[in-house]
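Structure record follows, encoded as structure tokens.
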Amino acid sequence: MMPEQINVQTDKTPRNGGGISRMVRECRPFIWGAKVCRAYGLQGRSITVAIPYLWMLLLFMAPFLIVLKVSFSEIRIAIPPYAPLFQFIDNSYIQITLQLKNYAMLFKDALYVNSYLSSLKIATISTIVTLAIGYPIAYAMARAPKTWRLTLLMLVILPFWTSFLIRVYAWIAILKPEGFLNMVLIWAGVIDKPLIILHTDWAVYIGIVYSYLPFMILPLYANLEKMDFSLLEAASDLGCPPGKTFWKITFPLSMPGVIAGCFLVFIPAVGEFVIPDLLGGSSTLMIGKTLWTEFFSNRDWPLSSAVAVVLLLLLVVPIVWFQRYQARRNIVDVV
Amino acid sequence: MKKFTTFNKLSIILGFSFLYIPIILLVIYSFNESRLVTVWAGFSTKWYGELLQNQGIVGAAVITLKVAFLASTLATILGTMAGFAMARFGHFRGRTLFNGMIYAPLVMPEVITGLSLLLMFVAISFNRGMWTITLAHTTFAMCYVAVVIQSRLTSFDRSIEEAAMDLGCTPLKTFFVITLPIIMPAVVSGWLLSFTLSLDDLVIASFTTGPGATTLPMKIYSMVRLGVTPEINAVSTIMVGLVASGVVVASFLHKRSEARIAKAEVMAGNAP
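Same order as they appear, the protein sequences are chains A and B.
Note that the numbering used here numbers the first sequence so that position 38 is 722, with each residue one more than the last.
Note that the numbering used here numbers the second sequence so that position 48 is 206, with each residue one more than the last.
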């Protein structure tokens, strides 16, 4: 099963040259390391898997189980602010109290149902708009002269690396009633009194489209760049009009990029907190914001855990589907 | 023949203006004399001076840099191990769960990751503060590193490693002497990515922090809620400048090292 073997011959190499003896000395610690591990029945291979595995189990898997547990418990005024699920009674048997009322609350109170629905609506519309804006950009990048492409790619990646918070903040100064957008529009004579955009759903759409545009462009570009443009020539030689060529050939061929881009925008957009909080108004309902308020303002930990569990259930189908098909290649292209 | 039409040009110009105008306006108005962010009153660097006087911001910046440095270093080590395991070990027990745990944080809403980590730290009564933020950031950053490393290793010429092992090199030594130097650019970009992810994170840090540990994004967030001020523009400009120069330098180094590797490979191939 183990392809690795320790070969002591390295140790016995004649030490005639300074270079070789240095190399031998350098590899000593590695050999000792391997020997120590073997002595304890540990093999390099299992250690390499075990450490990150344990880390993720402890800091990713276990926390989820705790969220699940807390979502079934009752709020109480204490530290931590939830009642224990298991209680030992007379040291002989365990009493398990499962509270379903947090979940019942999610369906009874219109706030939560509306938050989920409105998150899904905002994320869907933003994803479609991002695709409509991102596609022409990615397409143009793929057709740009080779010498420009790296620079253009870099210019798309740069905003992806700069702080999300700062990029959202930049829009406040633009969308304010006395902000840049209204200044320009009034100066150009398009409108005569300022548009109210900030603190409405419009600002949330603009914020999501702006922030997630690189996530759409990068997988699309990676896909379109590899496309064989001679297919398009063949189509046009055979008399296919450009519009039809696009819908019959280019778009279907770029489908993997389209799917990857849409999921990279849609999934994080559903749970978005910063954008609806800073750009949206009090009437903007998004589930990330509702969860935050429930947790930090109302300090209802069990209810916010239930909100998280249901949000995760909503996203689990697209996440798993996305992972199976696209995640690997396209996230790598993004990075 | 590829045609680069006027429509293509137009979409590039409009698209990039959309991406960059907000950032450019933000940078320009950080040098504004006036306190009003939308009224230009002359060039001044006074907001940068005031920034240095602001103990809250400076303290937050120090904590953020510490957390980012620790988390990205840990994440790079763990992520490289995970990426190596995913690329090389074929099927091992629990592989599906492992893959799932590595990919899930990449798309998981941050509010869920933050909430779950906080509940766990509370459940084991771990003292919350700088260390809990570091642990949280390490966890989600290592997934990004793992994916970067895995993709680098799949396009890796394994015959070099096999040659080393045939000549009696142990797997561990082969990794450090052969594999690691070759994948170094990917490791460095993984580290940089983790660093900026940690530098930017507001949501997870807000959940997992404790008394006394305020990171820069948390500080900026609380200032933004009170209104737009030139100080925020100034601190944002510094952050954007740092990240931008980091990315440019990294991609330059990356290109150079790739050129060197390509040259070495050509030479090795042509050698008698």
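By construction, the Cβ of each residue, glycine as well, lies at the ideal position given by its N, Cα and C atoms.
Note that the structure is predicted; figures quoted are calculated from it, not measured.
What span of residues does the alpha helix (DSSP H) with residue i cover, start to end?
{"i": "Ile943 of chain A", "result": "Met939 to Val954"}
{"i": "Val874 of chain A", "result": "Val874 of chain A -> no alpha helix (DSSP H), and no H or E assigned at all."}
{"i": "Cys301 of chain B", "result": "Met288 to Thr312"}
{"i": "Ile750 of chain A", "result": "Ala746 to Ser755"}
{"i": "Glu917 of chain A", "result": "Ser914 to Asp921"}
{"i": "Met376 of chain B", "result": "Leu374 to Leu384"}
{"i": "Met838 of chain A", "result": "Lys830 to Trp845"}
{"i": "Trp739 of chain A", "result": "Gly728 to Met740"}
{"i": "Glu909 of chain A", "result": "Asp885 to Glu909"}
{"i": "Lys932 of chain A", "result": "No alpha helix (DSSP H) contains Lys932 of chain A, which DSSP labels as neither H nor E."}
{"i": "Leu277 of chain B", "result": "Glu268 to Ala281"}
Distance, Cα to Cα, residue i vs residue j?
{"i": "Trp871 of chain A", "j": "Pro861 of chain A", "result": "14 Å"}
{"i": "Thr929 of chain A", "j": "Ala824 of chain A", "result": "16 Å"}
{"i": "Trp289 of chain B", "j": "Leu172 of chain B", "result": "44 Å"}
{"i": "Lys161 of chain B", "j": "Asp324 of chain B", "result": "51 Å"}
{"i": "Pro698 of chain A", "j": "Leu836 of chain A", "result": "Only weak support is given to the placement of Pro698 of chain A: the predicted model assigns it a pLDDT of 43, under 50, and the question is left unresolved by the model."}
{"i": "Phe334 of chain B", "j": "Ile340 of chain B", "result": "10 Å"}
{"i": "Ile901 of chain A", "j": "Tyr819 of chain A", "result": "7 Å"}
{"i": "Met939 of chain A", "j": "Leu168 of chain B", "result": "24 Å"}
{"i": "Arg310 of chain B", "j": "Val797 of chain A", "result": "43 Å"}
{"i": "Pro1002 of chain A", "j": "Ser803 of chain A", "result": "15 Å"}
{"i": "Thr292 of chain B", "j": "Thr271 of chain B", "result": "14 Å"}
{"i": "Val345 of chain B", "j": "Arg414 of chain B", "result": "15 Å"}
{"i": "Lys377 of chain B", "j": "Glu191 of chain B", "result": "23 Å"}
{"i": "Leu904 of chain A", "j": "Val405 of chain B", "result": "22 Å"}
{"i": "Thr814 of chain A", "j": "Pro952 of chain A", "result": "13 Å"}
{"i": "Tyr737 of chain A", "j": "Val852 of chain A", "result": "35 Å"}
{"i": "Ile182 of chain B", "j": "Ser403 of chain B", "result": "15 Å"}
{"i": "Met342 of chain B", "j": "Val754 of chain A", "result": "43 Å"}
{"i": "Ser380 of chain B", "j": "Val398 of chain B", "result": "19 Å"}
{"i": "Leu749 of chain A", "j": "Leu741 of chain A", "result": "10 Å"}
Taking only beta-carbon positions, decide if residue i is within less than 7 Å of chain B.
{"i": "Tyr853 of chain A", "result": "yes"}
{"i": "Phe744 of chain A", "result": "yes"}
{"i": "Ile821 of chain A", "result": "yes"}
{"i": "Thr846 of chain A", "result": "yes"}
{"i": "Trp931 of chain A", "result": "no"}
{"i": "Pro764 of chain A", "result": "yes"}
{"i": "Trp1005 of chain A", "result": "no"}
{"i": "Leu842 of chain A", "result": "yes"}
{"i": "Tyr737 of chain A", "result": "yes"}
{"i": "Arg827 of chain A", "result": "yes"}
{"i": "Phe957 of chain A", "result": "yes"}
{"i": "Gly964 of chain A", "result": "no"}
{"i": "Val733 of chain A", "result": "yes"}
{"i": "Met740 of chain A", "result": "yes"}
Measure from the C-beta of residue i to each C-beta in chain A and report whether the shortest distance is under 7 Å.
{"i": "Ile378 of chain B", "result": "yes"}
{"i": "Pro329 of chain B", "result": "yes"}
{"i": "Ser169 of chain B", "result": "yes"}
{"i": "Met259 of chain B", "result": "yes"}
{"i": "Ser403 of chain B", "result": "no"}
{"i": "Thr354 of chain B", "result": "yes"}
{"i": "Leu311 of chain B", "result": "no"}
{"i": "Arg418 of chain B", "result": "no"}
{"i": "Asn166 of chain B", "result": "yes"}
{"i": "Ser415 of chain B", "result": "no"}
{"i": "Leu358 of chain B", "result": "Note that residue 358 of chain B corresponds to Asp in the displayed sequence, not to Leu. Yes - at least one Cβ of chain A is within 7 Å of the one on Asp358 of chain B."}
{"i": "Phe99 of chain B", "result": "Residue 99 of chain B is absent from the structure shown; chain B starts at 159 and stops at 430."}
{"i": "Ser202 of chain B", "result": "no"}
{"i": "Ala233 of chain B", "result": "no"}
{"i": "Gly272 of chain B", "result": "no"}
{"i": "Pro375 of chain B", "result": "yes"}
{"i": "Ser394 of chain B", "result": "yes"}
{"i": "Val424 of chain B", "result": "no"}
{"i": "Phe162 of chain B", "result": "yes"}
Should residue i be counted as a contact of the ligand FMN given a C-beta to heavy atom distance under 6 Å?
{"i": "Ile870 of chain A", "result": "Looking at this structure, you won't find the ligand FMN or any other ligand, since it has none at all."}
At the 7 Å Cβ level, is residue i part of the contact set with chain E, yes or no?
{"i": "Gly972 of chain A", "result": "No chain E appears in the structure shown, which is made up of the protein chains A and B."}
Task: 3 or more residues per run - each beta strand (DSSP E) lying fully within the stretch 231-259 of chain B - done: Whole beta strand (DSSP E) segments, 3+ residues: zero.
- [ ] Return the chain-ordered ranges of every beta strand (DSSP E) run that is complete within the stretch 771-827 of chain A and spans a minimum of 3 residues.
- [x] Counting whole runs of 3 or more residues, the stretch 771-827 of chain A contains the beta strand (DSSP E) stretches 777-780.
Task: Validate contact between the stretch 946-957 of chain A and the stretch 249-260 of chain B using beta carbons, cut 8 Å, 3 pairs - done: Contact between the stretch 946-957 of chain A and the stretch 249-260 of chain B is absent, because fewer than three Cβ pairs lie under 8 Å.
Task: Cβ contact check for the stretch 384-393 of chain B and the stretch 204-218 of chain B: 3 or more pairs under 8 Å - done: Taking 8 Å as the limit for Cβ pairs, the verdict is that the stretch 204-218 of chain B does touch the stretch 384-393 of chain B.
Task: 4-residue-minimum alpha helix (DSSP H) runs that sit fully inside the stretch 965-1001 of chain A, ordered along the chain - done: Segments of the alpha helix (DSSP H) lying fully in the stretch 965-1001 of chain A: 971-980.
TODO: Report yes or no: do the stretch 341-360 of chain B and the stretch 295-306 of chain B share at least 3 C-beta pairs separated by less than 8 Å?
DONE: With the cut-off at 8 Å, the stretch 341-360 of chain B and the stretch 295-306 of chain B touch.
Task: Sufficient close CB pairs (3 or more, under 8 Å) joining the stretch 368-377 of chain B to the stretch 968-982 of chain A - done: Judged by Cβ distances under 8 Å, the stretch 368-377 of chain B makes no contact with the stretch 968-982 of chain A, as fewer than three pairs qualify.
Open item on the list: Check whether the stretch 262-271 of chain B and the stretch 984-999 of chain A are in contact - that is, three or more C-beta pairs closer than 8 Å.
Closed with: Yes, they touch.
TODO: May I ask you to verify whether the stretch 973-990 of chain A touches the stretch 781-794 of chain A, counting CB pairs closer than 8 Å and requiring at least 3?
DONE: They touch, by the three-pair rule.
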